[in-house]
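A quick write-up on the structure given underneath.
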Amino acid sequence: MTPSRSVSTPPPEAAPTGPLAVGWRREAVFVALALTGLVVGFAAERMGMGPLAWGAYAVSYAFGGWDGLRAGLGALRQRRADIDLLMILAAVGALAIGAPFEGAMLLFLFSLSNLLQDIALGRSRRAIGALMDLRPDVALVRRDGALVELPVGEVEIGETIRLKPGDRVPLDGEVLTGRSLLDQASLTGESVPVEKNPGDAVFAGTVNGGGALDVRVTTAAGASAIARVIQLVEQAQGEKAETQRLLDRFEQPYALGVIALTLIAIALPPLAWGEAFRPAFYRAMTLMVAASPCALIISTPAAVLSAIAAAARRGVLFKGGAYVEAAGTVRAVVFDKTGTLTTGQHRLTDVVACEGERADEVLALAASVQASSEHHLGAATVTAAREHRLDVPLASGFQASVGRGVSAVVDGREVAVGNARFYAERRVARWSDAQRTVSRLEAEGKTAVVVAVAESGRPLAPEAPDESETEGVVGWRAIGVTAFADAVRTGAPEAIRQLREAGVERIVLLTGDNRAVAEAVGRAVGVDAVVAEALPETKVDLVRSLQASVGPVAMVGDGVNDAPALAAATLGVAMGAAGTDAALETADLVLMGDDLLALPFALRLSRRARRTLAVNLGVSLAAIAVMVMLILTVGLALPIAVVGHEGSTVLVSLNGLRLLAVRR
362 MTPSRSVSTP PPEAAPTGPL AVGWRREAVF VALALTGLVV GFAAERMGMG
412 PLAWGAYAVS YAFGGWDGLR AGLGALRQRR ADIDLLMILA AVGALAIGAP
462 FEGAMLLFLF SLSNLLQDIA LGRSRRAIGA LMDLRPDVAL VRRDGALVEL
512 PVGEVEIGET IRLKPGDRVP LDGEVLTGRS LLDQASLTGE SVPVEKNPGD
562 AVFAGTVNGG GALDVRVTTA AGASAIARVI QLVEQAQGEK AETQRLLDRF
612 EQPYALGVIA LTLIAIALPP LAWGEAFRPA FYRAMTLMVA ASPCALIIST
662 PAAVLSAIAA AARRGVLFKG GAYVEAAGTV RAVVFDKTGT LTTGQHRLTD
712 VVACEGERAD EVLALAASVQ ASSEHHLGAA TVTAAREHRL DVPLASGFQA
762 SVGRGVSAVV DGREVAVGNA RFYAERRVAR WSDAQRTVSR LEAEGKTAVV
812 VAVAESGRPL APEAPDESET EGVVGWRAIG VTAFADAVRT GAPEAIRQLR
862 EAGVERIVLL TGDNRAVAEA VGRAVGVDAV VAEALPETKV DLVRSLQASV
912 GPVAMVGDGV NDAPALAAAT LGVAMGAAGT DAALETADLV LMGDDLLALP
962 FALRLSRRAR RTLAVNLGVS LAAIAVMVML ILTVGLALPI AVVGHEGSTV
1012 LVSLNGLRLL AVRR
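Here's what the structure looks like:
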């Protein structure tokens, strides 16, 4: 088993759940038999029992070299040379010159090293296997007026399940009745239980508190939030970091180079200086062992897989090893405002009707137009209209202008809801009145939009709503203004402070909202700069500008509206994504909960992973260099080279494993 193969990820259904998975027990037995043969052979050789010694060494060779021989032959069939082949050649070479003890010791330590690597890397995989254990196998389902226990795979979307106090949630759903606190730490990393009321979402794998809940199932078992998390982490474990891809490309030519160097070391001393063949051959075999890059190849996956597992257990998902490395280089962070630095739970605070208009009609028309909108302000408008029990007519012909506004036809007339950029393309009567109201509300830190109706069947030709030209013009007519407020997310200022401590040099708030609101939020959380009224293309330009002036940039958004900027950034980050498919698909790094402190944790973890990787690479290269130098200068013995080679391999594996202990 080569180090490179030891990091492969089993398919979801075969993910290891304990140390005995994936042949661990067989490997351990083979290692024990190899050690037994080595010890018996050594003792028999010292007592002059030649046949017994050779038989015992044969046992050690067979069991210690079995996996390496299979892997080496597999590599040869593919016309490749790898580390397994080097170890087998060195062991056979030792046997050929009458040094079976050294060869048996090499194969025993090589198999032991691979076993320890599997155990070490298996711990990081078992952290993901523990997530699988969070999914209950059965659910209590209401059918035909009775509660029956069924396998989760048989529960259909739309059915109602009952959660008793202390139950682990079996399926994603929406609370129908009841109130309770749910522990979501297993999914989001949040340490404080979250209150759940009717209408709130619950996720599989979380734990119900002291209340009973009836929940309508919204997602099939295989598509639940925690199932997607497990799938993504398994995929991430298979995605190699850039350093690992580089080392994998390096392994083949390096192995061929070691073989060539070994052949030269065998042939040159006897031919050029008349040295005896046996010591030259022995030195060449020792050189082959010392120069083999086992520790070098395992150094990256040992660190990266541990970092991915440590993050996943704390509600942070890296989409691959490359993003672990990328996060460790971030020097600037760009935050979208809504849903990241703020809660994203906008509420309607004001409905100001223009003279001669009624506030309830303004709200009803605005809700009708925005009922088809996915924007958070639209959702807040519709919610407010329902709370006021208003009659909301059905709209048709819905059109949206990203970052500007929306329009639709309501009861035969066109109605629009938007900001100044939206109305810059229209002539609007009573524009100055509406703008004065907007300015007043924005000065209070609120987001305000204008509601207008078309006076005729077709609006007039576009023209900027300059007051001198728009006052009194028939075409569009402002009927009112709606305003919204959004609270700064708890912990946002502390997250900004921790990002600076983690080495982030510049933090920018980027939003499509108006400047007054954006600057109020920026002051509250302590960012370095605020960019307001930004369109999607503006966000991309800012990200690229920061990359050029500061360095690698992380863009934090919702994974949907900020998709272009997320793609342009060095690291795209989506937060609050426990139930969001788009966020899970779009971002490179996903924060499953709403705790912004998870972001500085992720960057600290990545920086530590990069430092661990650098140490591992340094130790690996230093071990090779020192042993090669000692072989060429003082004739380092093969057993010592074997111990040094395998010891450095185990050392870097254990060093990478330390990342599992990193805490938030």
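In the numbering used here, the protein residues as written are 362 to 1025. Ideal Cβ placement from N, Cα and C applies to all residues, glycine included.
Of Arg782, Ala745, Asp902 and Ala645, the smallest CA-CA separation from glycine 996 is found for Ala645.
Threonine 710: not part of any alpha helix (DSSP H); member of the beta strand (DSSP E) spanning 708 to 714, first to last residue. Within the same chain, Val420 and Phe424 come within 7 Å of leucine 394 by CB-CB distance, once the 5 residues on both sides are set aside. Annotated as distal: leucine 437 and methionine 649, with beta-carbon spacing of 7 Å or more. Within its own chain, the residues whose Cβ lies closer than 7 Å to the Cβ of alanine 804, once the five positions on either side in sequence are excluded, are Ala877, listed in chain order. Per DSSP, reduced to three states, the secondary structure at phenylalanine 783 is helical. The distance from the Cβ of glycine 864 to that of arginine 971 is about 11 Å, inconsistent with a contact at the 8 Å cut-off. For glutamine 545, there is no enclosing beta strand (DSSP E), since its DSSP letter is neither H nor E. Of all C-beta pairs linking the segment 533 to 542 to the segment 492 to 511, fewer than three are shorter than 8 Å, placing the two stretches out of contact. Here DSSP, grouped into helix, strand and coil, assigns phenylalanine 564 to coil. For secondary structure counted as the beta strand (DSSP E) over 3 or more consecutive residues, the segment 646 to 690 holds these complete runs in sequence order: 677 to 679. The segment 675 to 682 makes no contact with the segment 763 to 783: fewer than 3 CB pairs, one atom from each, lie closer than 8 Å. In terms of Cβ geometry, alanine 844 and alanine 809 form a close pair [threshold 7 Å]. Using a 10 angstroms sphere on the CB of serine 800, the tally of other CB atoms stays under 16, which defines it as exposed. When secondary structure is reduced to three states using DSSP, alanine 790 falls in the strand class. Residue nearest to alanine 761 within the set Gly773, Asn780, Ala405 and Gly841 is Asn780 (criterion: CA-CA distance).
Going by DSSP, leucine 501 is part of the beta strand (DSSP E) stretching over 499 to 504. As the crow flies, the alpha-carbon of glycine 519 is around 19 Å from that of isoleucine 587. Following the DSSP letters along the chain, one finds alanine 452 in no beta strand (DSSP E) but inside the alpha helix (DSSP H) bounded by residues 444 to 457. Taking C-alpha positions only, serine 585 is separated from valine 811 by approximately 40 Å.
Under DSSP, glycine 766 takes part in a beta bridge, and its partners are Ser762 and Gly779. Residue pairing of glycine 979 in beta bridges, as defined by DSSP: absent, with no partner found. In this structure, DSSP gives lysine 807 a state outside helix and strand, which the three-state scheme calls coil. Per DSSP, reduced to three states, the secondary structure at valine 901 is helical.
By DSSP's assignment, asparagine 569 forms a beta bridge with Leu543. Phenylalanine 611 counts as exposed, since fewer than 16 other beta carbons sit within 10 angstroms of its beta carbon.
Per DSSP, reduced to three states, the secondary structure at alanine 928 is helical.
Under the three-pair Cβ rule at 8 Å, the segment 977 to 989 does not count as touching the segment 628 to 635.
For leucine 396, same chain residues with a beta-carbon under 6 Å away, outside a window of 5 residues either side, are Phe469 in chain order. Taking 8 Å as the upper bound for CB-CB distance, arginine 867 and aspartate 902 are not in contact here, some 16 Å apart. Within the same chain, Cβ atoms closer than 8 Å to the Cβ of glutamate 816 are found at Ala790, Val835, Gly836, Trp837 and Arg838, the five residues on either side in sequence being excluded.
Taking a C-beta distance under 7 Å as the contact criterion, phenylalanine 403 and phenylalanine 462 qualify as a contact pair. Tryptophan 792 is classed as buried because its beta carbon has at least 16 other beta carbons within 10 Å across all chains shown. For the options Pro854, Leu907 and Asn875, the alpha carbon positioned closest to that of arginine 782 is the one of Asn875. Of the candidates Gly676, Leu802 and Ala745, Gly676 places its Cα closest to the Cα of valine 934.
In the three-state scheme derived from DSSP, where H, G and I count as helix and E and B as strand, glutamate 510 is classed as strand.
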